Every structure is written in structure tokens, then in C-alpha cells.
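Sequences listed follow chains A, B and C, in order.
First residue of the first sequence? That's 1 in this note's numbering, and the numbers climb one at a time after it.
First residue of the second sequence? That's 1001 in this note's numbering, and the numbers climb one at a time after it.
First residue of the third sequence? That's 2001 in this note's numbering, and the numbers climb one at a time after it.
The beta-carbon is built from N, C-alpha and C at its ideal position, and this holds for glycine as well.
Predicted model only: the values in this text are computed from it and were never measured.
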Amino acid sequence: MLERSRLVVFCGWLLAFGALVFPAHALQVFDDRGSALTLAQPPQRIVSLLPSLTESVCALDQCQRLVGVDEYSNYPAQVRQLPVVGNGLEPSIEAIVALKPDLVLLASSSRASLRLQSLGIKVLALEPKTHADLRRVLHTLGVVLGLPDDHAARLWQRMDSSLNAVAKSLSAPARQARVYVEVGRGPYAASESSFIGETLTRLGARNTVPGALGPFPQLNPEFVVRADPDVIIVGGRSPEGLVLYPGWASMRAVREQRVCVLSPEQADVLVRPGPRLAEAAGLMARCLNEKMQAMGISK
Amino acid sequence: MNGTDLALQARHLGASLGGVPVLHDVSLGLRAACWTSVVGPNGAGKSTLLRALAGLLPHSGEVDLLNRPMPVYSGRERAQQLAWLGQGESSPDDLRVYDLVMLGRLPHQPWLAGPTASDHAAVARALGATQAWDWRHRLVGQLSAGERQRVLLARALAVEAQVLLMDEPLANLDPPHQADWLLLVRALVAEGKTVVSVLHELSLALQADDMLVMQQGRVVHQGACQDASTHSALEQVFECRIAIFQLAGQWLAVPRL
Amino acid sequence: MMSTGHPPRQGRVLALVLLLASAVLLLLGMGVGSTGLESLADMRHDPQAWQIVWDIRLPRSVGAWLAGALLGLAGAVAQGLFRNPLADPYLLGSASGASLGVALAMALLGVSPLATEWLARLGLAGAAFTGAVLAVLLTLLLAQGVQHTLRLLLAGVVVGVVLGALTSLALLLSPGIMQAMQSFMLGSTSFVAWPACVLMAAVALFTLVAAWAMSPVLDGLALGETTAQSLGLPLPALRAALIGVLALATGTAVAQTGLIAFVGLAAPHLVRSLVKTTPGRLIGLASLTGAVLLLSADLLARSVLAPRELPVGVLTAVLGGAYLLWLMHRQGVAGPRS
Chain A
1 MLERSRLVVF
11 CGWLLAFGAL
21 VFPAHALQVF
31 DDRGSALTLA
41 QPPQRIVSLL
51 PSLTESVCAL
61 DQCQRLVGVD
71 EYSNYPAQVR
81 QLPVVGNGLE
91 PSIEAIVALK
101 PDLVLLASSS
111 RASLRLQSLG
121 IKVLALEPKT
131 HADLRRVLHT
141 LGVVLGLPDD
151 HAARLWQRMD
161 SSLNAVAKSL
171 SAPARQARVY
181 VEVGRGPYAA
191 SESSFIGETL
201 TRLGARNTVP
211 GALGPFPQLN
221 PEFVVRADPD
231 VIIVGGRSPE
241 GLVLYPGWAS
251 MRAVREQRVC
261 VLSPEQADVL
271 VRPGPRLAEA
281 AGLMARCLNE
291 KMQAMGISK
Chain B
1001 MNGTDLALQA
1011 RHLGASLGGV
1021 PVLHDVSLGL
1031 RAACWTSVVG
1041 PNGAGKSTLL
1051 RALAGLLPHS
1061 GEVDLLNRPM
1071 PVYSGRERAQ
1081 QLAWLGQGES
1091 SPDDLRVYDL
1101 VMLGRLPHQP
1111 WLAGPTASDH
1121 AAVARALGAT
1131 QAWDWRHRLV
1141 GQLSAGERQR
1151 VLLARALAVE
1161 AQVLLMDEPL
1171 ANLDPPHQAD
1181 WLLLVRALVA
1191 EGKTVVSVLH
1201 ELSLALQADD
1211 MLVMQQGRVV
1221 HQGACQDAST
1231 HSALEQVFEC
1241 RIAIFQLAGQ
1251 WLAVPRL
Chain C
2001 MMSTGHPPRQ
2011 GRVLALVLLL
2021 ASAVLLLLGM
2031 GVGSTGLESL
2041 ADMRHDPQAW
2051 QIVWDIRLPR
2061 SVGAWLAGAL
2071 LGLAGAVAQG
2081 LFRNPLADPY
2091 LLGSASGASL
2101 GVALAMALLG
2111 VSPLATEWLA
2121 RLGLAGAAFT
2131 GAVLAVLLTL
2141 LLAQGVQHTL
2151 RLLLAGVVVG
2161 VVLGALTSLA
2171 LLLSPGIMQA
2181 MQSFMLGSTS
2191 FVAWPACVLM
2201 AAVALFTLVA
2211 AWAMSPVLDG
2221 LALGETTAQS
2231 LGLPLPALRA
2241 ALIGVLALAT
2251 GTAVAQTGLI
2261 AFVGLAAPHL
2271 VRSLVKTTPG
2281 RLIGLASLTG
2291 AVLLLSADLL
2301 ARSVLAPREL
2311 PVGVLTAVLG
2321 GAYLLWLMHR
2331 QGVAGPRS
């Protein structure tokens, strides 16, 4: 009887010890939908269904933990070797489950999260829409991946200073430029309140489309003619380049060839709210510098 | 047949519906300026015969209209000489009575010409004959079933064709209007027109000049409605479930109970 | 509802009203711009603004009017030909065909230099038109001719569904075009310039004259096929010709303005609610009504959320549907005659 009581006490101490140790490794974060995610330990097998999240994970030097990506994740080059599980909005649930992931990263708008959770898979929904969002997402990822606190912060610092450097590289005429960024045939524009618009504002250039219209409004083509932008940037992946709506041929920017048509790879960089922020800014800055130099007049 | 003029003649007429043969080698002649009624049990092929005679159904054999072979007529010529009133034909609810009856003048109107004075006169005559003139501006959709039938009849009359083929023209008509129709047909025949009607109201069918009795796709008897041979053929074709009597100078068919 | 007016006069009055409305709306169209309604008088002082009016607003407004006219015409022909009040211009698969044409064109653009060269020449409008016409031909093939109305309708449904599925497949395989396709599917006059207007005007004139020339067939068909045949109308040839008119009108409208729903369906109904007339006389009035309907919707689409644009198709559905609902309510209250 004495042995049994000693066994009970021993087990009790073990449990207490365990209760003290485990919380130190348990992770709890809140995702973009407000729901909490608790992990006993940092995930080692991650599936990412959003290209910007893929790039973020790799930027945090945890690329080796990725075991599967969606079909649009193509940067950095090593993720192209990974198994593809479909597209981000409608991924192949079966393929994801077959990879036995510890964590799935996806967009808040994805319908797969409920299904995956019902199958017992941990899901984290993150969708950065502004620069502040991106900083928060990087921080959350840093916590979830079990990285030291300042790892994500240092990454953000690097991105921020690169962005500042690009902003400084903008020539004086370029800083006066009024820009129209088109992201799709319709025409769909990137306004001030979009991610791209925010980057443009950080550079110091001016967006012809006000943020009050929403991030990607479908505009009346007449609006662009009225706004008379100095430079047009086309990031819509349309092979025809700039679609000339009726009346656009007479715009100064079109007549004087101040139109930058981005290649599909460049368009990817521009559109994704991810760690290549500074590169996107660089693309726009180069375009502005080049085209405004041709104009040569500062207004 | 005998030497009288034949409005419609058929030789070895055969027709199928959906692959099933309905008319078997029918040969007949319908007298001009005469009212022939076509009777027979359900499924005897009466409607099919009428359609074949009107050229509205692909058939084997030959049909002559007014002593000329049917293929000689162009569509328009045939439509001017032969008017058709189908059974249970749809009528558009959104049309006015006058406009609907005017459609009967299509065979006479040059392709895109509007209605002429003679067209209007013909429509007026047709509407008058069916007592529909007073409501010529009403919408067809707002008429009762009997009124609609009279309008469709007026449409057929408006064609003013030599030969009129009518399939169940008395559907939905109340007794006074059935009597009106009878008098109308008699008037048409007096003018020299030929009327052929499929009727299942046997007592009214017996009012015709000639009767064509059909059974299972063949003509069993053709003769005057007054003849006793016609009456016995009629009784036989209906398996002696009817009896034919004379009352007040008219022949009546009553069920034999 | 007893009307005292002599029918042809009613029709003429309606036509005049619609023409007047068109003129007013076109004038308004010149004034609707990126800030909503703008005074035309101000325009005269500003050369850039004046150019906007002539190069952008006027062709869009005229284009919307013409596209609406084509769709209204096609709707009237479809409803007369099939004697079905639910018929619309797209019932022989032309909508799905046009979508597939545009989706394939967008997907293949840039994939191979040969494809790009061809497609650049054809243009997306050409691709839409080709798709629409080929779809109708496919329907005719499946139905083995124009004689059997029910077979035609069924074949049209089948072609519509199958081509729609293929379009979805194309979208899945190249999702980059999804946003652009959406603007096509919901309809837009943003792409209409003067050459497009001239093309639509030519086609509208041709199809209107052709449909009017064949209107006796539509009138006769109102009495049923057998009766129409008994009236001596050359049904097979003219039915095929009318389907050709339908495909041409629909294809042209869809090629320039995308898939605009409801105009073709609602325009003949709207006319019939005001004027009771034969299907043949309906065509011209339905065409005018469709034109006014689409132009009004386009003006609203451009001005409600200026400078943003709403898809025109949404507004045509709202406008046309609301009026039809009100009509149905009125008829329900009055009660049908037994």
C-alpha cells in the first residue's frame, strides 16, 4: 500500500512538471478571422495556399518546412519543386491531407478551411491587405513557426529600409508624377487604398484613383482620360499590353509613350502583398524615373 | 364516282403517324358544292385523313384538288382554294379578334402588302357570319372557349376558299351556336363551296349531304345521309351501341341502352 | 382591358414616344460622365471635355442604344418563332458560344505567336461573334434542321450547358482571365467606339429589314404550325432565315457589349403590355423598346456610383424585372377572365 501511494505522488509530480514545461512550448495565435490557433509545438510540415504566405515563410528562412504549395506559388525557385495541391481558393483536400501537414496557411476567403479543420488539420487564415497587415502577418508567422521574437521584426526592418532606399532613389520629376495603375481589363485600377497604392504612396508618387472608391474599382474609362495621368503602369498580365479604350489614344501619357507594361513575372511581384515589397516598389520607381525623365519638366 | 364534279379526290392514300400506319389505301371522291361529314370511332384516322387531303401531312398516294393534282399548286394557290380549321389549335392570347381573323387573309395578300379594302370586307363578312362582329376589338385571351372557337371559325371563313376542311369545329359551342354553324355551312354549300367536317356529334353529322364512315384507317361506307345503308353502316361501325331514328324531319342518333 | 384606340395608331404612338425617349436619353448620355451628370454647357468651354463627349460618351450611348435594339429585335423574333413568351435571344446557345469564344481567345492570347496574330486580327469582339454563330449552327446540327421546335429548344439547352461547362473549364485552366471574363459576362459598353457603332447600325438595319420582310411567317405561326402551313407560308426556308437573323443580331450585340441579360426577354413583353398587335408588327416596337431599356440602364450604370461603373446586365435585370413584376401584380389584382 505504501508503494501505491508513492506511485501516485510520483505521477502527480510528473504531471505538475509536465504542466509547467508544456505551456512554454504551446503556441497560440489569432488569425485574420479572429479565431485562435493553438499548437503544442512549432509545425514542421507546412502547406501554403497563398503565394504571398509562401514567400513570407521563405523570407523567414523556413522554406525547408514547406511540404506543399498552391499552383501560383512560384518564388523562390525552390518551391517550384514542391508538390502542388491545386489553386488557393479550391485546393485538392485529398492532396493536402496526403501530405500530412502540421499546419495549412491559406487566405481568409478560402472555403477549404472548414473542411480541413473538420478533418483535424490545423489551419491558419492570413490575408495581408495593407502594409500594416503584412507586418502583423509576418509577426504572427514568426510566432507560429517558433522563431525568436525579433526574427520577423528584423525582416520587416530590412524591408522597410529597402523601401526607404527606393523612395530616395526616385528622381525629383518622378516624385511629382501622377500615376494610374491598371490591374485588369475592365478597366480595374489599383486605388490608394490597395496594397499597391500604399506602396506607391510610400514612394511619394501620387495615385490618380482615390482610395474612397475601394481597393480595385472598375472605372469608367472616361475617368482616366479626365484624370490625365503622367504615367500608366499596366500590371494586369494581359498580353495585349494596354487596352486602348475609346478616347484613350488622345491621352498625353499614351501619345508620349509613358506606359509601362509589366511582364507576368513583374506583375506577380507587384500584385503580391509579400516580402518582395521593396522589389515591387523598385519596379514602379524604375518605371517612373524612366518615363518622367523623358518628360523632363517638373511641374 | 359518278359524273358529278369532285372537289377532292384521293387515290391509294396512306399515312403514318410516328411510324404507325394510320390510313390504309384510302381512295375516295368528295363532291363539290356539298357538305360531307366524316365520322367514325376514336382512332379511325379521321383527322389524319383530313390533314392528308389538305396537304399538311406527308402521305403516299395522290390527292387532287378541284381536278388538279395537289403538287401542281403552289403553297399560296392551295391556301387560296383550301381553308383548314384544325382541332384544338392554339390561339395567341395577346391578339385582338379582328387581327386574328385578318390572318386568314394571308394567302390573298401580296407578300408584304397591308390589308386592302376587300380584305377588310372579307373579315367583316366572316365576323358577321359567326356573330363576333360586336367584340372584334377584344383580346382573344379574354374570350370564353366558345367565343374563341367562333373566332377561329371566322378566321377559316375569312379565307373565302372553295373548299373548307374543318376538324371538330363545334368544340365548346353551345346548342344555339351549333345551330348557327349548321345554317352557315348550308349557306356556304348553297353558294357552291365544298365543306368537309369531322364531327363526333352524330346527330349533327347526319344533317350533312354526304357521310363518310371510317374505321381503323379505312373508308367503310360513303353515301348520302338520308340513305338507310349509311345508317346501318354507322350503327355497325359503332358496334350497334347507337340507334338512328327520325324525328321532326331530322335523323337522330341516340345511344342504345 | 378594353382599348378604344385603333391598334395601328396605338403602335405608332408608342413608336413616337420611344423615339422621343431615345433622343432625350442620348442627350443625357452626353452629359453622364465620371462625376455623374454634368452640364453640357460647361463642356463647350473645355476642349478636352468636348473630346470626351464625342469620343467616349456619345459612342457608348449610341452603342448601348444599338445593342439594345439588336437584342430587342432578336427577342421578338425568338418569341414569335418559338411561340414561347419565355424565349430570349440566347436560347439557341449563342450566349455560351460567345463566352467560350472570348474565354478561349483570352486564354490563348500570348500562348503562341500564331494564335496571338490571328486573335489580334479577329479581336475579342470577333471571337465572341464567331463563338455565338458557331454555337447556333451546332444547335441546328443537333436538332437536324429547323422543322421541330421542341428539338431545337432542347438542342439549344444542351449546347448552352455544354459550352458553358467548357467555358468554366477554360476559366479554371487560366484563371488570370477571370476578372476580364466577369466584365464580359455582366456586360459593359466601355469598349464601344465609333467603328463598333457603325457595324452595329449596319447589322441592325439589315436584320430589321429582313425580319420585317419575313414577318408574315411570324404572324402565321401565331396560329400554330399546321394552320400556318395551311395558309401557304413557306415555313422551312423562312424559319431557317429567321434563325439566321436571330444569330446575327445576337452575335453582333454580344460581341460589342458582352452578355446583357433580360433585354431580349423583357422588351417584347413590355411592348405587348402596352400595345396588342401581331407578332410581325411587334418586331420594330420591341427593337425600339430594347434600345431605350439598354440605354437607360447604361446611363444608370455609369452615373449611380460614378466614377465607378456597375455592370449593365445587373441594371437591365433590375429595371426590366421590376416593371414586369409590377405588371404581373396589376394583372393579378384585376383577375383573369374565366
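Within-9 Å CB hit, residue i to chain C
i: E1168(B); result: no
i: L213(A); result: yes
i: P76(A); result: no
i: A24(A); result: With a pLDDT of 48 at A24(A), under the threshold of 50, the predicted position of this residue should be treated as unreliable, though the coordinate-derived value follows. Not closer than 9 Å to any Cβ of chain C, the Cβ of A24(A) fails to qualify, so no.
i: S193(A); result: no
i: L1100(B); result: yes
Contact set between residue i and chain A, taken where Cβ atoms lie within less than 9 Å
i: G2033(C); result: N220, E222, F223, R226
i: R2302(C); result: N220, E222
Coarse secondary structure for residue i, derived from DSSP in three states
i: A24(A); result: Its pLDDT being 48, under 50, A24(A) is placed unreliably by the model, and nothing is read from it.
i: I1242(B); result: strand
i: H1120(B); result: helix
i: L2138(C); result: helix
i: A1083(B); result: strand
i: N289(A); result: helix
i: S2022(C); result: helix
i: M2181(C); result: helix
i: L1157(B); result: helix
i: Y188(A); result: strand
i: S194(A); result: coil
i: V1022(B); result: strand
i: G2029(C); result: helix
Neighbour list for residue i in chain B, Cβ cutoff strictly below 9 Å
i: A2297(C); result: Ordered by position in chain B, no residue passes the 9 Å Cβ test against A2297(C), which lies about 25 Å from the chain.
Amino acids of chain C, ordered along the chain, whose beta-carbon sits closer than 7 Å to that of residue i
i: N207(A); result: Those do not exist, as N207(A) stays about 14 Å from chain C at its closest Cβ, beyond 7 Å.
i: P1092(B); result: A2222
i: G1018(B); result: Here the premise fails: no neighbours, minimum Cβ distance about 13 Å.
i: G300(A); result: Residue 300(A) is absent from the structure shown; chain A starts at 1 and stops at 299.
i: R1068(B); result: The premise fails here: R1068(B) is roughly 15 Å from chain C at the closest Cβ pair, so nothing lies under 7 Å.
i: A217(A); result: Strictly speaking, residue 217(A) in this sequence is Pro, with Ala absent from that position. The answer, in chain order, is R2308.
Residues that residue i contacts on chain B, provided the C-beta gap is smaller than 7 Å
i: Q2229(C); result: L1056
i: G2232(C); result: G1075, R1076, R1078, A1079, P1107
i: R2009(C); result: Neighbours of R2009(C) on chain B: none; closest Cβ ~12 Å, over 7 Å.
Chain A within 9 Å of residue i, Cβ atoms only
i: V2314(C); result: no
i: A2049(C); result: yes
i: N2056(C); result: The displayed chain sequence assigns Ile, not Asn, to residue 2056(C). For I2056(C), the answer is yes, since a Cβ of chain A falls inside 9 Å of its Cβ.
Neighbour flag for residue i against chain B, beta carbons, 9 Å
i: W2212(C); result: yes
i: P2236(C); result: no
i: S2183(C); result: no
i: S2287(C); result: no
Per-residue contacts from residue i into chain A (C-beta, under 8 Å)
i: P2175(C); result: N87
Partner residues on chain A for residue i, Cβ-Cβ distance less than 7 Å
i: A2306(C); result: N220
Under 8 Å by beta carbon: chain C residues contacting residue i
i: L1164(B); result: Chain C residues near L1164(B): none, gap ~11 Å exceeds 8 Å.
Proximal chain B residues relative to residue i, where beta-carbon distance stays under 8 Å
i: D2219(C); result: L1103, L1106
Within chain C, partners of residue i - CB distance below 9 Å
i: G1045(B); result: Correct list: empty, because the minimum Cβ distance to chain C is about 16 Å.
Could you tell me whether the stretch 2064 to 2075 of chain C touches the stretch 257 to 265 of chain A, where touching means 3 or more Cβ pairs closer than 8 Å?
no
Where are the alpha helix (DSSP H) runs, 4 residues long or more, that stay fully inside the stretch 80 to 167 of chain A, in chain order?
93 to 98, 112 to 118, 131 to 144
Pairing CB atoms from the stretch 2177 to 2192 of chain C with CB atoms from the stretch 2239 to 2250 of chain C, are three or more of them under 8 Å?
no
Uninterrupted alpha helix (DSSP H) stretches inside the stretch 1099 to 1143 of chain B (no shorter than 4 residues):
1117 to 1129
Under 8 Å, with one C-beta from each stretch per pair, do the stretch 141 to 157 of chain A and the stretch 56 to 63 of chain A reach the 3-pair mark?
yes
Below 8 Å, how does it come out for the stretch 2160 to 2173 of chain C and the stretch 2092 to 2108 of chain C: are there three or more Cβ pairs, yes or no?
yes
Between the stretch 2188 to 2212 of chain C and chain E, which residues of the former have CB atoms less than 8 Å from a CB of the latter, in chain order?
No chain E is present in this structure, whose protein chains are A, B and C.
Inspect the CB distances between the stretch 156 to 171 of chain A and the stretch 276 to 287 of chain A and report whether three or more fall short of 8 Å.
yes
Three-pair Cβ contact test at 8 Å for the stretch 2210 to 2221 of chain C versus the stretch 207 to 216 of chain A:
no
Length-filtered (3 minimum) beta strand (DSSP E) runs lying within the stretch 29 to 72 of chain A
36 to 39, 46 to 48, 66 to 69
Three or more C-beta pairs under 8 Å: does that hold for the stretch 2122 to 2129 of chain C against the stretch 2254 to 2270 of chain C?
yes
Cβ contact check for the stretch 2011 to 2024 of chain C and the stretch 2275 to 2295 of chain C: 3 or more pairs under 8 Å:
yes
Any contact between the stretch 1169 to 1186 of chain B and the stretch 1230 to 1239 of chain B? By contact I mean 3 or more CB pairs, one from each, below 8 Å.
no
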